[in-house]
Structures are given as C-alpha cells and as structure tokens.
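Asks:
Protein chains: 4
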Amino acid sequence: MGVWGHREAANLAYLGIFAVQHRGQEGAGVVALEPEKKKFSAHRGLGLIADIFDEFDFEKLPGRAAIGHNRYTTAGSNVLANVQPFYSQVSRGGVAVAHNGNLINTDSLRNELIRDGAIFSSSSDTEIFLHLIARADPKLSLIDAVTDSLKRTKGAYSLLILLEDRLLAVRDPAGLRPLAMGKFDGAVVFASETCEFDLIGANYERDLEPGEVVEVSDSGIKSYFPFAKEKPTPCIFEYVYFSRPDSKVFKQNVYSIRSKMGEELAREHPANADLVIPVPDSGVTAAMGYSRASGIPIEQGLIRNHYIGRTFIEPQQSIRDFGVRIKLNANPGVVSGKDIVVVDDSIVRGTTVKKLIHMLRRAGAKKIHMRISAPPTTDPCYYGVDTPSKGELIASRMSVEEIREFIGADSLGYLSIEGLYKASGGSEYCAACFTGKYPLGTPADF
Amino acid sequence: MGVWGHREAANLAYLGIFAVQHRGQEGAGVVALEPEKKKFSAHRGLGLIADIFDEFDFEKLPGRAAIGHNRYTTAGSNVLANVQPFYSQVSRGGVAVAHNGNLINTDSLRNELIRDGAIFSSSSDTEIFLHLIARADPKLSLIDAVTDSLKRTKGAYSLLILLEDRLLAVRDPAGLRPLAMGKFDGAVVFASETCEFDLIGANYERDLEPGEVVEVSDSGIKSYFPFAKEKPTPCIFEYVYFSRPDSKVFKQNVYSIRSKMGEELAREHPANADLVIPVPDSGVTAAMGYSRASGIPIEQGLIRNHYIGRTFIEPQQSIRDFGVRIKLNANPGVVSGKDIVVVDDSIVRGTTVKKLIHMLRRAGAKKIHMRISAPPTTDPCYYGVDTPSKGELIASRMSVEEIREFIGADSLGYLSIEGLYKASGGSEYCAACFTGKYPLGTPADF
Amino acid sequence: MGVWGHREAANLAYLGIFAVQHRGQEGAGVVALEPEKKKFSAHRGLGLIADIFDEFDFEKLPGRAAIGHNRYTTAGSNVLANVQPFYSQVSRGGVAVAHNGNLINTDSLRNELIRDGAIFSSSSDTEIFLHLIARADPKLSLIDAVTDSLKRTKGAYSLLILLEDRLLAVRDPAGLRPLAMGKFDGAVVFASETCEFDLIGANYERDLEPGEVVEVSDSGIKSYFPFAKEKPTPCIFEYVYFSRPDSKVFKQNVYSIRSKMGEELAREHPANADLVIPVPDSGVTAAMGYSRASGIPIEQGLIRNHYIGRTFIEPQQSIRDFGVRIKLNANPGVVSGKDIVVVDDSIVRGTTVKKLIHMLRRAGAKKIHMRISAPPTTDPCYYGVDTPSKGELIASRMSVEEIREFIGADSLGYLSIEGLYKASGGSEYCAACFTGKYPLGTPADF
Amino acid sequence: MGVWGHREAANLAYLGIFAVQHRGQEGAGVVALEPEKKKFSAHRGLGLIADIFDEFDFEKLPGRAAIGHNRYTTAGSNVLANVQPFYSQVSRGGVAVAHNGNLINTDSLRNELIRDGAIFSSSSDTEIFLHLIARADPKLSLIDAVTDSLKRTKGAYSLLILLEDRLLAVRDPAGLRPLAMGKFDGAVVFASETCEFDLIGANYERDLEPGEVVEVSDSGIKSYFPFAKEKPTPCIFEYVYFSRPDSKVFKQNVYSIRSKMGEELAREHPANADLVIPVPDSGVTAAMGYSRASGIPIEQGLIRNHYIGRTFIEPQQSIRDFGVRIKLNANPGVVSGKDIVVVDDSIVRGTTVKKLIHMLRRAGAKKIHMRISAPPTTDPCYYGVDTPSKGELIASRMSVEEIREFIGADSLGYLSIEGLYKASGGSEYCAACFTGKYPLGTPADF
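Next up, the structure:
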C-alpha cells in the first residue's frame, strides 16, 4: 500500500495492509515521509499487523506520504532485518522500498554487488533494489536511474519506491504481480488488491500495466514505459487462492472467477450426491458455483472455529485429527447419512484433506466426492508465492487415483487447466504451479 | 465442561471450553482435582482461553477430574475475582462451581447471607452457590445438602459442582440452559454444547433433563430428580443465535433448525430479488435456507476479514462506516446492479445493519430487502444471555416500518414467533426476549 | 501503609509500600475507598510493586482513603488469591484488611469457621480476620466487634482495617511487629517503617503502643486499649535485618543500633587484620561500626552488581560460585595480599558465605576473619519472618567451629545475645530466632 | 566482550556484557559464529541485557566465537537499527563489529561513502567500519584491508571485528578507550573492563596497547602495530566515573585510584565536620578515602532504595524532591544535628545535588560541606562518553561559588586537575571534559 498526499498517510497505509493481511502474516511495516523535511520514519515488527501496531501512536509516523508492506517469506529467513519496507540513506537521499514478488537472479546480483563493496544487512532479495539504485550513474535522471537498475533484475515484482520528493509505483514487464492505483480524498494511493481501497473508502482508478512506472509527486502523476515490451503473464494463482474474493485483480473480480471455477468443475466432474459441502473458507465460493451449476443444494457440513490463531495444547493421549479438528468440525446434523461433494481450492500435501474426510465419515457421511477447483499443484512457484518444494507436493508424486486413495475419498476430480483458463477469461496467465512452464525461467537459469 | 475419570482431565476441559469460546470471551478458567489427595488446583484469567492458556503447562493442573468455564458477564463486573470456576474450602471440604445461567433472586439471597456472617469476595451470583452449600445442615447427605441449597435460588442454571470425591451436574427445573453428558475414553464428560464433545472426540450420550442432578464418582453414575416438577421452558435463543450450528442442543441439531428458520422466513417474507446475501457468519445458515426455499441463488456479497480481534486505529479524518468495514466488505463484483435479499439473525441496536446497507449501496446494490430469521428483539434476558437494556433495543422503541426507514432498507421482514416455533419444533420454549413473557419472573419480582 | 483523608490516597499508599519493598517481594496491592459512595476499588498483582503498578492509572483507585500491602509469604502459598489487602462485603459493609505478621492458631480458627459455614477463598491466615469481623455480634459497636474478633486470634499482627467510614490501625498486645502513625498534608498515615513517611514527605508522629487500636474517621482520631495487658516483646530481628537502616522502628533509628552491633562485635571478636570488608549491602552498617571500634580501615573489597533482579542463564560448563558472582565481585585491587575481616549480618544456610570466602581467596585475600553482627540463627520464626525450617539453619546443626570449617574462614565470631541486647538498648525483645524462646508459643501449642 | 574458541561463546559474551551493563543501558546484542559453517547468528534488543536475554535459548546462538555489546547512545538515535554488534555480508564474507568509542569524522566519511554508492541502514557511526572494510582493495590481506580502513577514521575506538575465520581486537592509536585480553578454559577473551573476566572466571592476561591489533584464529594469536605511532591519551573519566571500581583499567585498579582521589580531595579541601557522608553509590569509594585521610568518621547518611529501575507514578500534588527521594533517603538518625561532608564524583546539571542537600537539611543536618572527587565538568566529550551539551553543564556557566550558592551547600570543593593526575599516577590522560583540551580535535575540525 502506498499513499502520496494525505496528512494521515501512515494510518491509511496501515489500514490498507491490514486488509491484505492474508498476503503475508510473518511481519509488517510502514515507512512514512515528511517531504518538506526529507525525513523518513519507520515502524516494523514480526507477526500480525494488528499486534505490531497495537496501541501504536501514529504521530510517530508523520508526513504526507507512506508505504506499507506485509511480509510473506519467499526469500530470506523470517527475522526482523527482513521485514519491509526497507529504508536506507543512499546517494540520491533517503529511499524506502516495498516489494511484492520474488527475483530469480538474486544470487548472481548479490554476489556481484558484494564483490563491488556493498554490505548486505538482510537476506531478502529486496535489499538488492536499494543497492542498485544507490550505485546508479549519478548523471542519470532519477527515473532513468531507477529503471536502469530494475532492468538488471529478473523475476516478479510490484514495487513501491518512496523517495524524498516522490513515490514511484512499478509493475514488472511480465506483470506477474498485481498493482492498482486509486484516489482518496485528494491523495493518490496504490495497492496490490482493491479491497485495500474499499477498507479506507478510496476509489479504484485503474491497474498499472505490465512494465509501467507511475511517478507521483506534488507536481502530479506521470506514467512511463521504460522497459522492453514482454508478453504479459499475470499469475493465475491470484484467482485460485491468493487474492481476497472481494478484490478486483488484473481488472477482474476475483469472486466471479472463483465462482466460475466451481461451475466449470461441476461440468467437468459431476457427482451423484445429496449435498455440496464447502471447506471453509477456502472452498466456499467455488462450492457455491458447483451447487448452482449442478443443482445440488449447498449446506454447511463443516463448521469453522472462529477463535483459532495460536497453537493449542494437545493432550498426550493424542486426539485423532486434532490439528484439523481444532479448526473445523464436521456437522453430523447435516452430513449424517448423506452422499456429499466436498469442494476446496487445492490439495497441497494431502494430509489435511485426509483428516477432513476421516472426520466427515465419523460424522456419518456416506459417499464423499472430493472436488478441487484448480488443477493439481505439481510445481513450486519462484515468482512470489511460497509453495512447498516439488517433493512435498503430493500431486508431483502421485496420480489423481493415487491421491484419491491416499485421502480416502470415494471419487476425486480436479478442474482441468483448460477449465481454469475458461473461468479466468484467457490463457495468457502464468500457471507454472500447475504446468511447470515458467515464463521467466527459474533461479537455476541464472 | 466437566470431566471425571481421565488422567488428562484439565487439558480436556480446556479444549472443551475452547470449542464454546463464543459463549463467553471475557475470562476463562479450569479447576482440576486429584481425588486421591483431595487437592484442587486452578488456573483462571481475563480474556480469551487461547491467551489465558498460552504455553500453559498442564502439569500444574493435575488430577483425574476437572471443570472449565468461559466467563460471559451477565452479573457482576468483569474482574478476575468473578472468573469461574469458583473454588472454596467449606464445611464439606473443597468445592468448585461452574455456572451457566443467571439467578434472579441474587440480591435478596446475598443480603440474607451477608447479614448472617458471610463474606463475599466477588460480585458474581455464582458465589451464592458456595455459601449455600457451605451453610447446609451438616446432618444432610451431600446430595440433599446441595439440592436443598439450590431450591433457595430462582433463575436459570446449568451447574457443574466438583467435590473432593465426586462431580455433580445439575440442570435447573425449567431447563433453561442446556447441559449434555458424554463418554470419552472411559471418562464421563459434561458440556453445554455437543461441539465440545466433537473437538475431543467424545461421544454424546444424552441431555440432562430439566431438574435432573447427575452424580459421577468412582462408584459410577447416579441420577436424581430432587426438585418439584416444573414446566420446562428451554431458551429458544440458543437456536436463534447462541449455540454453534454444529451442536446438538435440547436434543436437536442447531444448524437444521436455523436452516428451517431461513426457509420459514422465505415463505413469510418473499422478495423479488436476484441474489440472497448472508451477513457472515451470523446469517449464513438462515440465508442458505432462504435461498433453498425461495430458489434465489445465494452469493457472498459480504466478505469477512479473517484477522480482526483487536481495536484498530482509525484516522482522525474518520472513515465512513469504519467499524463495520474493518470486519466486512461489500463485494461490488457480486452486488453491483443487483436487487438483493440480505439475511441476518437479529437487529439489536440497528446501527450496524444501517452501515452495512449503506456499504452495500455504495458497492452498487439496487434494491435491498433485509430479512431477519427471528422476531424483533424487544425485551432483555434475565436468564443468562447478556442483552442490552430494553431502551437500547431498537425493536422496543420502533415499529418494523420505522426500523426499515432507520436502517435504509427497501423492505424489512422478521420471522414471526409462530414461524420460529415451527422451525424449532414446538412452542414450549422461553422466548421472553421476543415476547416479554418471563416464565420464571424477573429480578424485580424478588 | 494506610492513608485517611487525602484525595490521592491510593497513589500515596503505593509509594509508601514501594519504600518497604524489601519487606515483601512476592505480591502487592492497594485498596482504595470513596467514603462518600461507600465504594471500594482494588489493584493487586504478583511480583514487585513497580511491575504491578507499571503505567497504572490511579484514577482507577479513587477516593480519600487507601491501604497498601507487600506480600511476603509466611502462611499460604504465593498465588494471587493470597495477595493483600483482602476485601469482602460483610454484614457491616465493605471491609479491607492488610496484615503484617503471622497468626499461630490459624488451623483451629479456620477449622472452626469452616465447620460453621464459612467459605475460604485463600490459604492466607489474613482471611480469618474478615470472617471473624463478619460474624461478630451485630449488636456490638464496630470497635467492640473488631476487638472481640481480634481477641480470638493468637500471634503477631499489625493490622490496617479499612471500613466504609473509618480506618482502624491495630498493633497486637505483644507489639511484635511495628506500626507508626504520621501526618501528611492534613491526612493521617500509617506505616510499618518511617522510611515510608520520608518518601512521601510525611511527618512521623508516634508509634502505636502494643495492644493499641487507633480509629481515624472524618470525626478525628481516637485511641483504644481494648486488650488485656501483656508483656511487650517487639521483634529484635527488625533491627538485625528486616527494617531499612533509615527507618525509626520501635522508636529507635535502625542504623544507629545496627552500627552499635558492629561496635560490640569488634569488642567481642577483635581480629588482627589489615582491612574491614563489608558484604554489600547487608553488612555495610555493622562493618562501619566494626571499623570505627577496631580502628581497622574499611574498604570495598566486594563490589555489588547493580543490575541483577532476574535469573541468569549460566553456561552448561558451570562457572564456579556463579550464583554469588553474578551479584558480587571480589575486588583484587583491594584484598590481594591482605588479612581481612569480613562482616555480614547473618549466616543462614552457609552456602553463600562459603562461596564468598572462596571468591575472596581467589582474589588474593590471605587471612579471612568472618564476623557476624548477630548471634547464630538457630530457630525458625512463627511471628511473621519467613525463615527456613530448623533443619535448614546451619547454626541449629553445627557448632561455631564446625561452621567456620564448613565456610572455610580462618576465624569466625558471632555477636553474643548480650551484645545484641546491649546494642538494642534493652532485653525485652522477642529473640526467639536466636534463643528458641517463643513468648507467645508456637503453632504446635494450638 | 569477545570470545574465540569456546563452545559456549555466546553465553559467555552475554555474561561479560552483563557485568558492564553500567557502560550502556539502551540496548544490547550478541553475534555468534560457527567458523566451520561460516554461519553467523544474532540476538539484539532495546533495553537492559537481562530483559533482552530473559529466558533466551542460547542454542539459537551456536558456535565457538561470539562478540557482545551494550549500547550507550553517543551517535545516532536509540532505535533497534543502531544496536550493536552490526553484521553484514561483505566482499570478504560475513563480518560483525562491536565498537566502544566515538568517531569524530563521521559526517565526511559517511557522505563520501554515500556518494560512492553505499546504502546506510543505521544512523550509528559504527556502520562506517563495515562499509570501509567492504570496499577495501581486494588485493590487500585482511589485516591490511582492515587497518587501511581504520586509518581513514578519526576518533576513539576499541573494536571487536568477528570474521568468518578469526576475531580481531583493535585499540585506537591514542588508546582512548580500554581493551583487555584474557584467557578462559582454553579460549581467548576480550573485554573493556576486567570485571567481565571476573564474572566468568577468566584470567586477565594484559591490556592491548594503543594502536595494537590482535588477531585470534584457530592458528593462534598474532599482534600487529599497523598505525603510525601517536601520543597515548587514555580517558581519565574511566577512573573518575565510568568503570566499575573492581576493574583493572589501563593497567591500574580503578578502586585504588578513586580512593586516592578522595584522599587528595581531603587534603585540598579539608572541612570541619562530624561525619563524612557518601552519595551512594557514585561517591562511596572517594568518601572512604576522604574519611581515611581526614580522620572524620564515615556514616551512611543517605540510604539508597534497592528496587528502582522504572518510572514511578508521582501524585499530582507533587512531592518535593520526588525524583531524588525515590532513589535516596536522608537518614535522620545519622545526620540530625551534625556538620557533614557530602562526597560525590561529579556535579553535572546541579539539580540533583541541590535536591539532595535540601533533603539532608530537612533530615536535620547543620553545616553541609559538598566535596567532589574530580574537577568541574566544563566540556562535552566527543570520544565516547555521553555528556550533556556545554550549555547544560553547570560548571561551564557558573563559578564554583555560584554553584555552591545554587545547590545550597555551606562550602563546595572540587578536586584540582593536578590532584586528579596525582591520584591517577600521571598526566598523559585525555581530560578534555575538565580542561577543554581535545587531543584528537572535535567533529567541528572535520
């Protein structure tokens, strides 16, 4: 979240990143700027935003501009030094950076910079941006300096760069990660998801285009396209799982697409059942689509506990399926004696769904038809989503039939990649996690 | 939650009360007993169970028996001295009490006891039970002593009384509050809601009957009916709002009843609309019933934020409807341009729903038909549900049409009391909060 | 500490008990009273006062009267329920009690009360006072009711009893524990030690006499002597160890007496040495007296670490004498090559002084003459000082020569009981911890 | 504190810096190294060591080498980013730095580095060392690279530099700050003060000489003198105030010197008085010297409260001299009616001593002769001691007679600079805080 031109910039940035807490729960921070004094101030911490800013006094983050960030570990370990936004004093003054995405040529860039005298204080790939900007040719204009720096990086990034007199918003040439621009009370605001705008009551203006750089200062808004044109490949996983359903991402409402995935799933994998049961909350939207398309009524056969958020002390005489049960309970009043379709958005390792199915059987369910509103997750992401390694992904090791047997379902159906493209309205997306085809390559290529 | 006969009794009691955290978030505690040593130990705190027992070492609560309780302020202020279970040394040895419900002759009993030399350490009505038991005629048997004591109290109670060699479970003669018995791994367990049994994997055996006293000791289980027979009037609000949908309460599954309320509501108050939109999570079950009965598709037009649980720092330039918006967001991709039926389970003060409707309009909804799956809440509860005073309840001051105008809906329909009875399968319930008819009277009568 | 008649009564009580934090570090609390509203409010916690009241808002403890207390476990375990002042609603209204001392007929009184229907919420002997007052004959005047109650107790107590319209201060007939009265800005204040008055700037007026009851209300101050006259036996250990040196206790300045103990010690046990080395801080005052009487110069051969107050993480390869060393360091620049007299106020178990002597030898000290400014501690206290059991006291098991050998000193001398009386200006004191003669008997007598 | 060659290196470093907590209370940290894996790990925090490492698990800081540091703000603000040791990845691998002292050419070096592409993450002068080492000519040996870097800095430093295969200890050419080497259980240890060795039981070997670099690795210990020879000017303030009395600093025992200051003070400024009263704890050693030289007996007329360490809540009706009184109390039993000599080590702003004298008069002292065991503090330190600005130092604005009148003493005497040199055994020290003569210049010179 970025804000330029509002006297409560830091407070707005904090609320904005709170709305996308689901994008990163490991740490968060806000850097504010008083452009008149060229003075930056920061507050960062490990954990959830609500805890980090609990009873925080926003007068400690004064100024008309601010950027905020939720940490989600995709590179570097989870220590305070890696929590963004990063801030440093460099040759062009103070600069703060918030980075959504992941670079794939981190190692070679980092080694080159270190050989050249740079000191690295974090293990995050984001620090690379600061070093590149700090070392840009001083004769270049700021925009040229920044874009020259960015041209050296490979990978996925949506960036907010806060400088002493302006805020830059950048989306990588492949447009892998989202970035939207809005207006609020005279100020310009940027966000990954439009639900951040909704929370503070800002109006969505438009998405940044792949490869676009937007510069906001007291002189107004300018747009640049400094990068060589590339084929855009936005991340389809934003629709499948990552974004909030009430957000508009890549110009489309996530809920509508997710709902269509459920409808496609019903067409591809019908089932002879009494009820559709969503796995809360990840499977609810697709389950509604499945119910609508199949005509099978939807019911809450799994009830979520509202109060989790910590580890629980399990008895030594361990309770079967405890880890799942503390979060969800099968409702016998609904599922007992019924054939059911259970809908979720993914199977990662397979252990949770196995326990879920066991719990549903214990509550009296007869036939259990498992349906997944996306293709099997077979490959890790290198562009900003923290997926397990290939070996941990059950679908990289097992066939659909083997998975069905492992989880104990009576049938199992995944949405096809074609069905996913159909629901998403196109096939230009990066779907490497389902296909293994990486449009920008992988770290092994650098 | 009560446990007799399991070496991890305290841990099980803690997990059980965690499952019903929704019944009280102000404090919680567990008292454990080593019957062999006649030794009680306790852990209590203010706030949520997960925080109170965070990293707790259950070896500090040893023994084969335990009772646990979530505090929900209906009498006395919210201070640590009022957190249950209460424990004291009395004439018959150590005794611990956990009380679900509320007495209505508290003041006269308390004054009488104080006049007679009792010292009161809390402002909770639960302490009265301890004093009455302590002062019972020493020649009486324990069961007689306890039941004689209980006969002096008026009001609603489900009680767990842990003594040095047995555990008593008591349900008041009117059966206002629920209490169920189960079995787990050789132990006898008691709970307000059966979802507590589900979490630990216990089996539900049966409900206690109104006026029943069950005594569990190493000699087995005994049942008594020491009270004069009264007409049972269990609390219908358990079905409307209080219980978890996956619980069986008063022998019926809550979800099924709540679902039927939605169906009845659709019949009583149909609407010409494109979509049914539930208010998460309170309106979801009834909304599904409404959708099924009306044939209008259900969609998630309101998205809940998963990460709330604290106060948030609002900008000074206050954001319109901030308090609601931090919890829910209207999804424009769903509601824009649509006529919608919004379903919730109650309107208390009317301010929240007013903001919700404003937010939905801003997201593009056209006609908004508000539907409530219960009758107007007109009267406060004196039997264990913490309702606002009569003056604060909007339905005690305004007609349905006035409420509709206040909240800004295009139409407003409440389920009738007959519809509620129909869904609940009978009319013997206490529905004083909707009718003002108090089966046991009110504190003003004592 | 008690205050009657000051609009910041609770804040003053908190500061007063802070000044005597050395008298109890296990818990602390303040109860305040608004006499106009007959409303009591309380704040209590486990640990140190500074932590318990950290950032506390004293507007939560309103009113013109307050009593405060530091917990020091002499009876009952260290749990929050045992932290004083105790407060209850009883037949004569609200009553709060703070108790310095220890009863010896606790068990029989407690059993009698419980048999008679009392419920005990704590394991502290202080709760007995509340029950006795609650059960006093309602026809008696308040003063008679309280004093009749007190007559049933045996043991040591200085009490502050805060009632709805007055504050009572009571000193037991034997006068074992101190209690002083002062004036501050129009208010009447009570304290165990006069250093509490000094901190807030109050003026010391006088000590309460043994067996005196002082009643302070808006009508003024009254004094009563309701108890049968007993021989006063104030506790000599207040002079030896317990009180702060800057306090006046039992009408004498503690420092001056402690200093005289050092002088007497020099006379009784001279030593041929280069330096007198005090053990900080317990031995400093007596060491100065020893130096003055002997003419041997005093030097800081042991340096105290200012920053302790927590447990420290010791390496697995344990460091010799670690527990002592983290608190004190032997200064080689002072002791190396010297014959020294080391002065402290007591040897309890002997393990600490043994390590100290080892550390001094390692720093180069030659002859080490250990001198203790009190007689050998042979017997436990039952009147309010938390001493180890008889078996743990080294002097109850070993002769002086055996102790000398155990601790590794070249010589060892204790002040005689006669010397102690001489320094204290009389022989009427209770010195049971040195003599085994208990003027009121022991719990075994009841 | 630095450790090379002990399997519990981090734990030892933590204990070492705990012993010198008085040198910095604003933050602390330990960086550990596993040389075999070239892996560094760190734990840092704001506040006191005991809090930062409370219940810390030292298995999180594995390895045979470690350095620790207490932060004391002399440059940069007190934020976590400024807490040492600093660690970065640079061209020569990982490097961690702990710095005692202060640079005076910070601004010009920092600007030059930033112009050259460096990014600065902290506002501490210590980060400069990392950048200089990172940018050293790769063809130089490590020792040459480090010493070349150090030659560019001006100011005071004792440094510990932990590299992947060795530990460097460096003392600046003027030798302003102390640094000692010791042995412990086969390991080499470094410390600012020898009391750090005493705590862990290490043996003091020798001081590093001014301008010496000691390199410790698994190959052994090497010593270098790479800097041009300068006149050594160690800081005399270490003797006056900064070091612990039980430390050996600049090869002399601090206690002995401080004691001689008191003796010299007695000779220079005798007084006709009954008692010598030390201000605890800063004035105790000098007071003993004064007493010995003058023959006037020493007594504890001021008693320190052991339990401070937090802010205290003062009543609104403010208590006179509250800030001093919460720490110290005048003992009327000692000072009443007496003429006294009060000894302390410095008067900084004069407000505290003024309150102290007022408090002593209120306790009954007659004549009060104030004696200070060092010359008037007239000038700020730029070499690593955090003194107030010149304007705040009372002695820079007032004559001795004016100060005497301001503080309300009957007489006032400061030790002369000659007396201080005499006690310290030489005149080669930096005494800029007393003389305004800065041997290395001030930041204004760069």
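Protein chains in written order, with the working numbering: chain X, 16 to 461; chain G, 16 to 461; chain S, 16 to 461; chain Y, 16 to 461. Even glycine gets a Cβ: it sits at the ideal position worked out from N, Cα and C. What you are looking at is a predicted structure, and each value in this text was computed from that prediction instead of being measured.
1. Taking X/Ala-25 as the reference, which of G/Pro-153, G/Gly-423, G/Asn-346, G/Gln-331 has the closest Cα?
2. Have a look at G/Gly-197 and G/Leu-290 and give me their C-alpha separation to the nearest angstrom.
3. Based on DSSP bridge pairs, tell me the residues matched to S/His-114.
4. Report yes or no: is there a C-beta of chain S within less than 8 angstroms of the C-beta of Y/Thr-367?
5. Relative to the C-alpha of G/Leu-63, which residue among G/Glu-51, G/Ser-56, G/Arg-38, G/Ala-81 is closest?
6. S/Lys-53 to S/Glu-179, Cα distance in whole Å?
7. Can you list the residues of chain X that Y/Gln-267 reaches, using a CB-CB cut of under 7 angstroms?
8. Which runs of the beta strand (DSSP E) at least 3 residues long sit entirely within the segment 168–244 of chain X? Give them in chain order.
9. Check the C-beta distance from Y/Val-294 over to Y/Asp-354 and give it rounded, since I have them as a contact under 8 angstroms.
10. Exposed or buried, which one is S/Glu-70 when buried takes at least 16 other CB atoms within 10 Å?
11. Chain Y beta carbons: is any one of them nearer than 8 angstroms to that of S/Pro-77?
12. Where X/Asp-296 and S/Ile-143 are concerned, what is the direct C-alpha to C-alpha distance, given to the nearest angstrom?
13. Confirm, please, whether the CB-CB distance from G/Phe-205 to G/Leu-157 is below 8 angstroms.
14. Which residues share a DSSP beta bridge with S/Gly-60?
15. Roughly how many angstroms lie between the CA atoms of X/Cys-448 and X/Ala-410, to the nearest whole one?
16. Output the residue ranges of the alpha helix (DSSP H) runs that lie fully inside the segment 324–363 of chain S and measure 4 residues or longer, sorted by chain position.
17. With a cut-off of 8 angstroms, does the C-beta of G/Phe-73 fall near any C-beta of chain X?
18. What residues in the segment 107–129 of chain Y bring their beta carbon closer than 9 angstroms to a beta carbon of chain S?
19. Taking CB distances under 8 angstroms as the criterion, tell me whether Y/Asp-289 reaches chain S.
20. Answer yes or no: does any C-beta atom of chain X fall closer than 8 angstroms to that of G/Val-349?
21. Please decide whether Y/Arg-150 counts as near chain X, where near means a Cβ-Cβ distance under 8 angstroms.
22. So which residues of chain S does Y/His-321 contact, with C-beta pairs closer than 8 angstroms?
23. Should G/Asn-287 be labelled buried (16 or more other beta-carbon atoms within 10 Å of its own) or exposed?
24. Any residues in the segment 49–64 of chain G with a beta carbon nearer than 7 angstroms to a beta carbon of chain S? Which ones, in chain order?
25. Could you pull out every unbroken alpha helix (DSSP H) segment of at least 4 residues lying fully inside the segment 388–420 of chain X, listed in chain order?
26. Name, in chain order, the residues that DSSP records as bridge partners for G/Gly-83.
27. Identify the contact partners of Y/Ile-143 in chain S, using a Cβ-Cβ distance below 9 angstroms as the criterion.
28. What first and last residue would you give for the beta strand (DSSP E) that runs through X/Phe-101?
29. Got a sec, what are the start and stop residues for the beta strand (DSSP E) S/Val-18 sits in?
30. Compute the Euclidean distance between the alpha carbons of G/Ala-146 and S/Phe-68, then round it to the nearest angstrom.
31. With a threshold of 8 angstroms between beta carbons, is G/Phe-68 in contact with chain X?
32. Taking the alpha carbon of X/Gly-304 as the point to measure from, which residue in X/Gln-104, X/Ser-426, X/Ile-387 has its own alpha carbon closest?
33. If you count every other CB in all the chains shown that lies within 10 Å of the CB of X/Ser-164, and 16 or more means buried, which is it?
34. Using a Cβ-Cβ cutoff of 7 angstroms, what residues of the segment 159–177 of chain G are near chain S? List them in chain order.
35. My parser needs the beta strand (DSSP E) runs of 3 or more residues fully inside the segment 258–333 of chain Y; what are they?
36. Could you round the C-beta distance between Y/Tyr-398 and Y/Ala-171 to whole angstroms and report it? I think they count as a contact, below 8 angstroms.
Replies: According to the structure data:
1. G/Gln-331
2. 42 angstroms
3. S/Leu-174
4. no
5. G/Arg-38
6. 5 angstroms
7. Going along chain X, no residue has its Cβ under 7 angstroms from Y/Gln-267, so there is no contact; the nearest lies around 39 angstroms.
8. 170–178, 181–186, 195–199, 202–206, 218–222, 228–232, 235–239
9. Actually they are not in contact, since the Cβ atoms of Y/Val-294 and Y/Asp-354 sit about 17 angstroms apart, beyond 8 angstroms.
10. exposed
11. no
12. 56 angstroms
13. no
14. S/Ala-43
15. 11 angstroms
16. 337–340, 347–350
17. yes
18. none
19. no
20. yes
21. yes
22. Gln-36, His-37, Asp-296
23. exposed
24. none
25. 409–412
26. G/Val-45
27. By Cβ distance, chain S contributes nothing, its closest Cβ being about 30 angstroms from Y/Ile-143, past 9 angstroms.
28. 101–105
29. 17–19
30. A quick correction: the sequence has His, not Ala, at residue 146 of chain G. G/His-146 and S/Phe-68: Cα-Cα distance of roughly 33 angstroms.
31. yes
32. X/Ile-387
33. buried
34. none
35. 290–293, 317–319
36. 4 angstroms
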